[in-house]
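*Asks:*
In our numbering, the protein residues as written are 47 to 285.
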């Protein structure tokens, strides 16, 4: 059993976060659409309430929110992400996820506890998958020592933390650590959860774009351990 999740990190003081959150919580509600909000919440299994802002419009408003703001440092990224995660409507977490994707290079391995909190709080695929591929992945790539953190996350009792570990190499292509990828797939192969089985298949399918023979060979050798869903997803484009 994995250890309990660490205490929630505290958002540091940040003048940039004050500016961004002030604009964000003014402009986003002005674009709210209750009808769209109900539909979006239903589609996302009511994991969180929504404002009901279509993605193209939300991104336009986000650009307005960020107009003239300076480049953040890690403390600013931390403050913006944590404060967005404290707000109930999902669009605020989308904003934070997009912001972190844009500025992940300004974050160090010290950001990992914040990432762990984001992945494990109000978790669903719509935020977790982006955080895995576009935040966890670049952080580990910049500091290979964080591979040890992923080695712990893959065995975490929280399925979304484990899914993050499975998907963090999603964009690595030829830089993929295949030993780690295949080991992670086998470590969670017997888990009954749909989202972990799907993630196994997705991670393998993505790597198959780089090395289809390696993936085919792995799946053939592990077919008796992998779920039919994982096998089907892994081989979807290579047969």
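Beta carbons are placed, not taken as given, at the ideal position from N, Cα and C, and that holds for glycine.
(1) Report the three-state DSSP secondary structure of residue 197 (helix, strand or coil).
(2) State the DSSP-derived secondary structure class of residue 214, mapped to helix, strand or coil.
(3) When DSSP labels each residue in this structure, what does residue 99 get in the three-state scheme?
(4) Smallest Cα separation from residue 195: which of 219, 167, 222 and 156?
(5) Please confirm if residue 108 has its CB atom under 8 Å from at least one CB of chain C.
(6) Would a C-beta distance cut-off of 8 Å place residue 97 and residue 127 closer than the cut-off?
(7) Do the stretch 232–245 and the stretch 199–210 meet, that is, are 3 or more Cβ pairs less than 8 Å apart?
(8) Between the alpha carbons of residue 47 and residue 197, how many angstroms are there, rounded?
(9) If you scan the stretch 219–249 from start to end, which runs of the alpha helix (DSSP H) of 4 or more residues do you find wholly inside it?
(10) Helix, strand or coil: which one does DSSP assign to residue 206?
(11) Out of curiosity, what's the CA-to-CA distance linking residue 61 and residue 76?
(12) Any contact between the stretch 86–95 and the stretch 107–118? By contact I mean 3 or more CB pairs, one from each, below 8 Å.
(13) Distance check for residue 78 and residue 86, CA to CA, integer angstroms please.
*Replies:* Let's see:
(1) The answer is helix: DSSP assigns residue 197 an H, G or I state.
(2) Residue 214: coil per DSSP, three-state reduction.
(3) Per DSSP, reduced to three states, the secondary structure at residue 99 is coil, with no helix or strand assignment.
(4) Considering only alpha carbons, the answer is 156.
(5) No chain C is part of this structure, which consists of one protein chain only.
(6) No, these two residues do not count as a Cβ contact at 8 Å.
(7) Contact between the stretch 232–245 and the stretch 199–210 is present: three or more C-beta pairs spanning the two stretches fall below 8 Å.
(8) Only weak support is given to the placement of residue 47: the predicted model assigns it a pLDDT of 48, under 50, and the question is left unresolved by the model.
(9) Listed in chain order, they are 224–233.
(10) In the three-state DSSP reduction, residue 206 falls in the helix class (H, G or I).
(11) For residue 61 and residue 76, the distance between alpha carbons rounds to 23 Å.
(12) With fewer than three CB-CB distances shorter than 8 Å, the stretch 86–95 does not count as touching the stretch 107–118.
(13) One C-alpha to the other measures close to 12 Å.
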